[in-house]
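As C-alpha cells, the structure follows; a few thoughts come after it.
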Amino acid sequence: MIEKILGKDIYRYIKAYKGLIFLSLLLTAFASVSVVVPAYLLKPFIDKGMISEEDKVSWKIPWIELSLEDGISISKSQKTIVDNISPDLLLIIITIIAFLSVLFRAGFTYLGQLCGAAFSNRAIMRLREDLFDKFLSLSHSFYHRQKIGELISRATADITVMQERIANIIIGLVQYPIMALVFLVYLLFMNWIITLIVIITAPMISFFIRLFGKKVKKHSRMVQEVTSQLTSMYQEAILCLKIIQGFCMERKVSDNFKEKANELYRRVMHWNRWFLGIGPFMDSTVFLIIPGVFILGKSCFHHTLGELISMVYAFSQVYSPFKNLARLNSEIKTLHGATERVFNILNTPTEIKDHPNAKPIGRHRESIEFINVSFSYNGKEEVLKGISFKIRAGEMAAFVGSTGSGKSTLLSLIPRFYDVTSGSIRIDGVDIRDVTLQSLRRQIGLVSQDVLLFHDTIANNIGFGTLDFDLK
Numbered sequence: 018m019i020e021k022i023l024g025k026d027i028y029r030y031i032k033a034y035k036g037l038i039f040l041s042l043l044l045t046a047f048a049s050v051s052v053v054v055p056a057y058l059l060k061p062f063i064d065k066g067m068i069s070e071e072d073k074v075s076w077k078i079p080w081i082e083l084s085l086e087d088g089i090s091i092s093k094s095q096k097t098i099v100d101n102i103s104p105d106l107l108l109i110i111i112t113i114i115a116f117l118s119v120l121f122r123a124g125f126t127y128l129g130q131l132c133g134a135a136f137s138n139r140a141i142m143r144l145r146e147d148l149f150d151k152f153l154s155l156s157h158s159f160y161h162r163q164k165i166g167e168l169i170s171r172a173t174a175d176i177t178v179m180q181e182r183i184a185n186i187i188i189g190l191v192q193y194p195i196m197a198l199v200f201l202v203y204l205l206f207m208n209w210i211i212t213l214i215v216i217i218t219a220p221m222i223s224f225f226i227r228l229f230g231k232k233v234k235k236h237s238r239m240v241q242e243v244t245s246q247l248t249s250m251y252q253e254a255i256l257c258l259k260i261i262q263g264f265c266m267e268r269k270v271s272d273n274f275k276e277k278a279n280e281l282y283r284r285v286m287h288w289n290r291w292f293l294g295i296g297p298f299m300d301s302t303v304f305l306i307i308p309g310v311f312i313l314g315k316s317c318f319h320h321t322l323g324e325l326i327s328m329v330y331a332f333s334q335v336y337s338p339f340k341n342l343a344r345l346n347s348e349i350k351t352l353h354g355a356t357e358r359v360f361n362i363l364n365t366p367t368e369i370k371d372h373p374n375a376k377p378i379g380r381h382r383e384s385i386e387f388i389n390v391s392f393s394y395n396g397k398e399e400v401l402k403g404i405s406f407k408i409r410a411g412e413m414a415a416f417v418g419s420t421g422s423g424k425s426t427l428l429s430l431i432p433r434f435y436d437v438t439s440g441s442i443r444i445d446g447v448d449i450r451d452v453t454l455q456s457l458r459r460q461i462g463l464v465s466q467d468v469l470l471f472h473d474t475i476a477n478n479i480g481f482g483t484l485d486f487d488l489k
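In this text, residue positions in the sequence shown follow this note's numbering: the first is 18, and each later residue adds one.
Set out below in C-alpha cells:
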C-alpha cells in the first residue's frame with residue numbers, strides 16, 4: 018500500500034526501516050483510538066454533572082457480557098462506574114479521565130511522530146548520499162546539457178519537499194482513517210439513522226477532493242520548475258558577476274530575475290488557491306450538517322442535550338480526518354512532483370563507466386595515440402573531426418590554437434571526461450575504453466585553467482588526489 022501511494026522510487030529507501038515504520042504506525046493507532054473519549058464524556062458531563070447539587074447521580078456505560086454457558090452468547094448491559102455521588106464529584110472524575118486520555122494521546126502521538134521523523138530522515142539521508150554519488154558519477158556531457166542551478170535546486174529544495182512530507186503522509190494514512198472510523202462507530206452507536214443521512218454527502222466531498230488533488234499536483238510541478246530556474250539565475254549571477262559588472266548589465270540581469278520571480282509568485286498563488294481551498298470547503302460542509310443534527314436529534318429521536326452535543330462534537334471531529342485526508346491527497350501530489358524531478362537524475366544512465374571486462378592499465382611506458390578521433394557534444398555538430406597523432410613516452414607536446422578551437426576538449430578525452438564519438442584513443446596500444454577509469458585517471462596529472470579551492474584545509478587542497486600524503 019505504501020509503495021503504491023508514495024511510489025516505488027521512495028519505497029526503495031524507506032522499506033529498510035520497516036520496524037520503525039511499524040512502531041510509528043502502532044503508536045499512532047493507539048493515539049487515534051483515544052480521540053473518542055472526550056466525545057463520549059460530554060454526555061454525562063452535561064446530562065449528569067449540570068443538575069442540582071442536591072441530587073445524587075450515577076454514571077453507567079454500555080457494556081457487553083460474554084457467556085460461555087450453553088454455547089457462546091453475547092448480551093448488552095450497562096456497567097456502573099460510580100453510583101450515588103454528587104454532580105460536582107462526577108464532574109471532577111470526568112475531568113480527570115478526560116485529562117488522562119488527552120495525556121495518553123499526546124504521549125503516543127509524540128512517540129509516533131518521533132519514530133516517523135527517524136525513518137523519514139534516515140531514508141532522506143541515504144537519498145542525499147546516493148544523489149551526491151550520482152552527481153560524481155555522471156559524465157561532463159550531462160552537465161553540458163543541464164543548468165547547474167536547476168540541479169542544485171533538485172538536490173536541495175525538492176529533497177526538502179520530500180523530507181517534510183514522507184513521514185506525515187505515512188502516519189496520516191493510518192491516523193486519519195482510524196480517527197474517522199472510531200467516530201463513525203460511535204455515531205452509529207448513538208444514532209445510526211442520522212449518521213447514515215450525513216454519510217450521503219461523502220460522494221460529493223470525494224469528488225471535490227480528487228479535483229483539488231489534480232490541480233495541486235499540476236501547479237506544484239510548475240512551482241518547482243520555476244524555483245529551479247530562479248536557483249539557476251542566482252548561480253549564474255554569482256559566478257559571472259565580473260562579466261555582468263564589466264559590461265554594465267546589472268539592470269538587464271536584474272530585470273530578467275524580477276520577471277522570473279514574478280512568474281514564481283503567480284505560480285505559487287495558483288497553487289495556494291487550490292491547496293488552501295479544500296480546508297474552508299470541508300469546514301463549511303460541517304457547519305451545514307450541525308443544524309440538521311440538532312433538528313433531527315431533538316424533534317425525531319428525543320435525544321438529551323448531552324447526547325446532541327456529544328454527537329455534534331463527534332460529527333465535527335469525523336470530518337476533521339476527512340479534511341486532513343483531502344489535504345494529505347494534495348501533499349501526495351506535491352511529493353510526487355518533487356520525487357519525479359529528483360529521480361530523473363538518479364535514473365539517468367551513467368555514460369562514462371567501466372566496461373564489464375575492463376582491466377587496470379599498467380604504468381604508461383610507450384605512447385599516447387589518437388586514431389581518427391571525432392567528437393560532438395550534442396551528437397550532431399562535431400567539434401573535433403578526424404584527429405590523429407601519436408606522442409611517445411618522454412616527448413613534450415603543446416596544443417596551440419584560438420579560443421574555442423577544441424584544445425581543452427581534445428585533452429578532456431584522455432581521462433575520459435567525455436567519450437569519443439568515433440575513432441579511438443590508445444595508451445601503449447590499449448584502447449582507454451577497455452581499462453578501468455580509476456587506473457587510467459591515476460596516471461594523469463591535471464592542471465586546470467580555473468582557480469579552484471575546496472572548502473577544506475590548505476594541506477588537503479594541496480594534497481588533493483592523494484589519500485595518504487605526509488604533511489612533512
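We treat Cβ as the ideally placed atom computed from N, Cα and C, and that holds for glycine.
Asked	Found
Relative to the C-alpha of Gly411, which residue among Leu131, Leu204 and Ser384 is closest?	Ser384
Measuring CB to CB, does Leu457 end up less than 8 Å from Ile378?	yes
How is the alpha helix (DSSP H) around Gly323 delimited, first residue to last?	Leu322 to Leu363
What are the boundary residues of the beta strand (DSSP E) that includes Arg443?	Ser439 to Ile444
At 4 residues or longer, what runs of the alpha helix (DSSP H) sit wholly inside the segment 367 to 419?	none
Pairing CB atoms from the segment 131 to 146 with CB atoms from the segment 97 to 111, are three or more of them under 8 Å?	no
For Ser419 and Ser425, what's the separation of their Cα atoms in angstroms?	11 Å
DSSP three-state label for Asp448, please.	strand
Specify whether the segment 397 to 406 and the segment 363 to 377 touch according to this definition: at least 3 beta carbon pairs, one from each stretch, less than 8 Å apart.	no
Rank Phe206, Gly129, Asn279 and Ala476 by C-alpha distance to the C-alpha of Ala46 and give the top, closest one.	Gly129
Distance check for Leu454 and Asp371, CA to CA, integer angstroms please.	6 Å
Measure the beta-carbon distance from Pro194 to Pro338 and round it to whole angstroms, keeping in mind my assumption that it falls under 8 Å.	7 Å
Going by C-alpha distance, which of Glu267, Glu242, Glu253 and Asp147 is nearest Arg283?	Glu242
Might you give, ordered along the chain, the residues of its own chain that have their beta carbon closer than 7 Å to the beta carbon of Val452, omitting 5 neighbours on each side?	Ala375, Lys376, Pro377 and Ile378
Do Tyr30 and Leu144 have their CB atoms nearer than 8 Å?	yes
In the DSSP assignment, find the unbroken alpha helix (DSSP H) run with Pro61 in it and report its ends.	Val53 to Asp64
Counting only the same chain and skipping the five closest in sequence on each side, list residues whose C-beta sits under 7 Å from that of Ser170.	Thr244, Ser245 and Thr248
Please report the distance separating the alpha-carbon of Leu37 from that of Ala476.	42 Å
How would you label Lys275, buried or exposed, when you count the other beta carbons within 10 angstroms and need 16 or more for buried?	exposed
Beta-carbon separation of Asp436 and Arg459 under 8 Å?	no
Hey, could you find the ends of the alpha helix (DSSP H) Gln180 is sitting in?	Ile176 to Ile216
Can you look up Val74 in the DSSP assignment and give me helix, strand or coil?	strand
Can you tell which of Asn185, Gly294, Asn273 and Val54 has the C-alpha that lies nearest to the C-alpha of Arg227?	Gly294
Is the beta carbon of Ser391 less than 8 Å from the beta carbon of Ser422?	no
Are Ile187 and Ile19 close, meaning C-beta to C-beta below 8 Å?	yes
The alpha helix (DSSP H) spanning Gln455 covers which residue range?	Leu454 to Arg458
Could you check the C-alpha separation between Glu280 and Pro55 for me, to the nearest Å?	48 Å
Ends of the alpha helix (DSSP H) at Ile111?	Pro104 to Ser154
Could you tell me which of Leu23, Lys60, Ile22 and Lys25 sits nearest to Met328, measuring between CA atoms?	Lys60
For Glu324, count the other beta carbons within 10 Å of its own beta carbon; 16 or more makes it buried, fewer makes it exposed. Which is it?	buried
With burial defined as no fewer than 16 other Cβ atoms inside 10 Å of the residue's Cβ, what is the status of Leu217: buried or exposed?	One point to set straight first is that residue 217 is Ile, not Leu, in the sequence displayed. Exposed: under 16 other Cβ atoms inside 10 Å.
Please state whether the Cβ-Cβ distance between Lys65 and Val53 is less than 8 Å.	no
Cα-Cα, which of Glu357, Tyr57 and Leu58 is closest to Lys234?	Glu357
Can you tell me whether Trp209 is buried or exposed? The criterion is at least 16 other CB atoms within 10 Å of its CB, across all chains shown.	exposed
Indicate whether Leu322 and Gly189 have their beta-carbon atoms separated by less than 8 Å.	no
Suppose you measure from the CA of Ala343 to the CA of Leu58; what does that come to, to the nearest Å?	29 Å
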